[in-house]
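For reference, the structure discussed in these notes is given below.
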Amino acid sequence: MAVARSRVLDLMKAQCRIFSTTFNPTNIRTGNKVLRQGLKGPALAAYYPRKVVTIRDLQKLYPNFETWDEEEEDRVEHILMWVVPFTKVEREGRAEEEEDGGRQVNPMAILSTGECANPQ
């Protein structure tokens, strides 16, 4: 004696409501297994220690104390090696045109602002 498919589906619906499961009569892949898992972000964030203080924070707290900031030193070295020589060459090329007081490039002004744009 076979039971009608509609009765079996009604039974499965009731069963899913009672046990709080997903009703999926065609057994298609829905990704519920993955979606029910907890998020991994908080666990990964808790694994790495929080950044407490940086070199720039120490420099702000103690301005007279000499500290070594490697990123800042790399930035200054890049500016002195690439930007300042090019502006010097440009200045020498324009010397004949602007003899009456052409604008000079101050490397320390470039270093303090952090901009690499050439003044005009």
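Residue numbers for the sequence shown follow UniProt numbering, beginning at 1 and rising by one. Every residue, glycine too, gets a C-beta built ideally from N, C-alpha and C.
Limits of the alpha helix (DSSP H) - the one that residue i falls within
i, result
"residue 17", "5-19"
"residue 55", "55-61"
Where residue i sits in the DSSP three-state scheme
i, result
"residue 82", "helix"
"residue 69", "coil"
"residue 33", "helix"
"residue 41", "helix"
"residue 75", "helix"
"residue 2", "coil"
"residue 48", "coil"
Beta-carbon proximity list for residue i, same chain, < 7 Å, skipping 5 on both sides
i, result
"residue 9", "25"
"residue 127", "Nothing can be reported for residue 127: it is not among the residues displayed for the chain, which extend from 1 to 120."
Residues of its chain near residue i, where Cβ-Cβ distance is below 8 Å and the 5 sequence neighbours each way are ignored
i, result
"residue 68", "55"
Same chain, Cβ closer than 6 Å to residue i, neighbours up to 5 away in sequence not counted
i, result
"residue 59", "67"
At least three beta-carbon pairs within less than 8 Å, the segment 55-63 to the segment 32-46: For the pair of segments examined, the segment 55-63 was found not to touch the segment 32-46: the number of CB pairs separated by less than 8 Å stays below three.
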